[in-house]
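Chains as they are written, first to last, in my numbering: chain A, 98 to 384; chain D, 47 to 338.
Ideal placement from N, C-alpha and C gives every residue a C-beta, glycine not left out.
Every value quoted in this text rests on a predicted model; they were computed, and no experiment measured them.
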């Protein structure tokens with residue numbers, strides 16, 4: 098830590114360098130608190146059991162380094178399949194949410210009739226609806242449709258869960274598209290689907306925001322996989338890790354490797370899409 | 047312009063798919079859950095208020111429900127009281143003029159915990175506070191008085207990034223001219239923040255409070271990940287979500303009871319709905335008085 102960057106920018110006030118030092122200091126402390134537990138998990142997954150308990154906060158050295166945990170996870174766990182399941186569910190949910198949500202938001206903004214505000218309100222209320230409390234009938238529906246223990250059941254529920262936020266977001270984006278553009282296309286004889294197609298590039302930030310904000314709760318959910326798709330063949334990563342933790346309670350290196358595996362994809366994806374996510378979170382709820 | 051009849055047709059065409067999924071898998075289950083709470087599902091007969099009478103008067107059930115309700119309230123209050131000030135501090139630091147260059151890096155790192163699944167959060171914190179080899183020698187999770195606050199703080203650690211992001215974007219949206227004008231008038235950073243920026247972002251606190259309320263009263267994951275559906279010690283960490291799950295699906299010490307489960311869900315739904323409605327009524331009033 099130095100104060101060099103601040104002084105290079107020629108501070109306006111003399112106190113700026115000190116302020117920068119304090120601000121960076123506090124943020125570094127927060128950052129360490131946020132990230133250290135994650136590093137503890139990843140670090141310890143490369144150690145022997147003895148190494149973990151001997152010094153859980155020490156990095157692996159020549160004596161404690163071991164890849165046994167990772168070997169155990171890859172041989173005993175079901176993680177390739179779990180990953181495939183989570184990826185399928187997440188991607189399918191994002192696709193369905195974007196297609197259905199965009200179409201609905203477009204129509205609610207574009208084809209204003211007397212019931213439009215009411216319909217919009219009906220969707221937006223869903224942001225507040227605690228969908229989990231409808232689990233009992235949801236499970237009954239899935240049973241009668243023979244959808245229990247399928248990935249489709251998860252996709253349907255998650256899409257219903259994410260649609261309100263997606264519609265809230267997309268209506269704000271569609272409202273900002275200039276009317277002249279759409280009218281010009283219509284005068285040129287474009288069909289409504291074509292007009293929507295012309296508009297889409299203008300709302301691309303919105304689509305990205307919807308995608309990134311849908312990703313997190315779907316990938317990390319434990320409740321619905323546990324209830325709707327608990328079978329071994331359809332387990333998501335989150336449920337797979339949870340069950341692995343319950344099953345191999347004593348094999349700490351393997352547990353930590355499994356946890357690292359579960360955490361990795363989202364941490365990476367979020368780091369890449371964090372801008373879109375921030376946009377989605379604030380624009381979606383902040384109305 | 048498109049004619050009204052055509053507009054209705056187009057609206058239906060574009061909205062119906064979303065409406066169908068939303069109604070079938072979100073609205074209908076919630077309403078149906080309410081209906082189920084007035085039924086005896088095994089015999090398919092109308093039960094009137096029997097399930098509710100049982101929930102509120104059966105000594106065993108009502109005691110558990112009372113505990114779970116109070117625990118959920120505590121879970122919420124700890125979130126609110128700890129998350130909001132820390133989130134505000136983080137947001138203020140991130141948006142301060144002396145940070146600028148490394149803003150994105152800090153923001154991303156501070157949000158990382160919120161991207162983790164609770165399974166990981168629960169496990170890593172159990173490892174860190176384990177009395178045998180961890181950082182504290184007291185069994186925080188094993189003691190009835192500290193267990194729930196401990197779990198709540200783990201959840202706070204995970205989700206503090208969310209209020210941070212709300213306040214962060216609100217602070218960035220404060221018009222530069224307003225800030226500049228105040229600065230020219232001689233306002234220091236402290237005055238600038240509390241007198242100018244803070245009042246402008248104040249509406250965010252209501253939003254954060256109500257969202258935190260909805261999320262925590264629906265809470266389940268972190269408690270389940272740490273202690274299963276019969277969370278101890280002696281139900282000290284049993285919140286509404288875990289009680290609902292245990293009642294509906296049964297657990298080692300309890301037979302499954304879907305009717306009572308639906309009743310608990312309905313009561314929780316009613317509590318959330320009433321509070322949210324009250325919040326919006328108050329909010330609307332306040333906005334009206336500002337406009338006058």
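A Cβ of chain A is located within less than 8 Å of the beta carbon of residue 136 of chain D. Here residue 201 of chain A really is in contact with residue 60 of chain D; their C-beta atoms are around 6 Å apart, less than 8 Å. Residues of the region 277-308 of chain A whose Cβ lies closer than 9 Å to any Cβ of chain D, in chain order: 280, 283, 289, 293. Under DSSP, residue 86 of chain D forms a beta bridge with D/91. For residue 134 of chain A, the number of other beta carbons within 10 angstroms of its own is at least 16, and it is reported as buried. Not a single CB atom of chain A sits nearer than 8 Å to the CB of residue 278 of chain D. Close CB contacts of residue 142 of chain D within its chain, under the 8 Å cut and outside five residues either way in sequence, are with 235 (chain order). If you draw a 10 Å sphere on the C-beta of residue 153 of chain D, you find 16 or more other C-beta atoms in it, and that means buried.
DSSP places residue 345 of chain A in the coil class of the three-state scheme, outside both helix and strand. Residue 162 of chain A sits away from residue 170 of chain A, with the two beta carbons spaced by 8 Å or more. The beta carbon of residue 79 of chain D sits closer than 8 Å to some beta carbon of chain A. The Cβ-Cβ distance between residue 232 of chain D and residue 266 of chain D does not fall below 8 Å. Straight through space, the alpha carbons of residue 291 of chain A and residue 259 of chain D are spaced by roughly 43 Å. Taking a 10 Å sphere around the C-beta of residue 305 of chain D, we find 16 or more other C-beta atoms and assign the residue as buried.
Three or more beta-carbon pairs drawn from the region 238-258 of chain A and the region 314-326 of chain A are found closer than 8 Å, and the two stretches are therefore classed as touching. The Cβ-Cβ distance between residue 133 of chain D and residue 213 of chain D falls below 8 Å. Taking 8 Å as the cut-off, the Cβ atoms of residue 164 of chain D and residue 356 of chain A do not count as close. Taking 8 Å as the cut-off, the beta carbon of residue 136 of chain D is found closer than this to the beta carbon of residue 127 of chain A. Judged by DSSP in its simplified three-state form, residue 250 of chain D adopts helix. Against chain A, the CB of residue 267 of chain D has a partner CB under 8 Å away; the residue lies at that interface. For the C-beta of residue 198 of chain A, the chain D residues within less than 7 Å are, from N- to C-terminus, 64. When only Cα atoms are considered, residue 262 of chain D and residue 278 of chain A end up about 44 Å apart. Within chain A, the C-beta atoms nearer than 8 Å to that of residue 50 of chain D come from 210, in chain order.
Taking CB atoms only, residue 142 of chain A has no neighbour in chain D less than 8 Å away. At a Cβ-Cβ threshold of 8 Å, residue 273 of chain A and residue 377 of chain A do not count as neighbours. Residue contact check for residue 142 of chain D against chain A: a CB pair falls below 8 Å. Between residue 309 of chain D and residue 117 of chain D the beta-carbon gap is near 19 Å, outside 8 Å, which marks them as no contact. Note that the region 187-201 of chain A touches the region 294-308 of chain A; at least 3 beta-carbon pairs, one per stretch, sit closer than 8 Å.
Each of A/314, A/333, A/237, A/370 was checked against the Cα of residue 70 of chain D, and the nearest Cα belongs to A/237.
Counting only runs of 3 or more residues that sit fully inside the region 247-285 of chain A, no beta strand (DSSP E) segment turns up.
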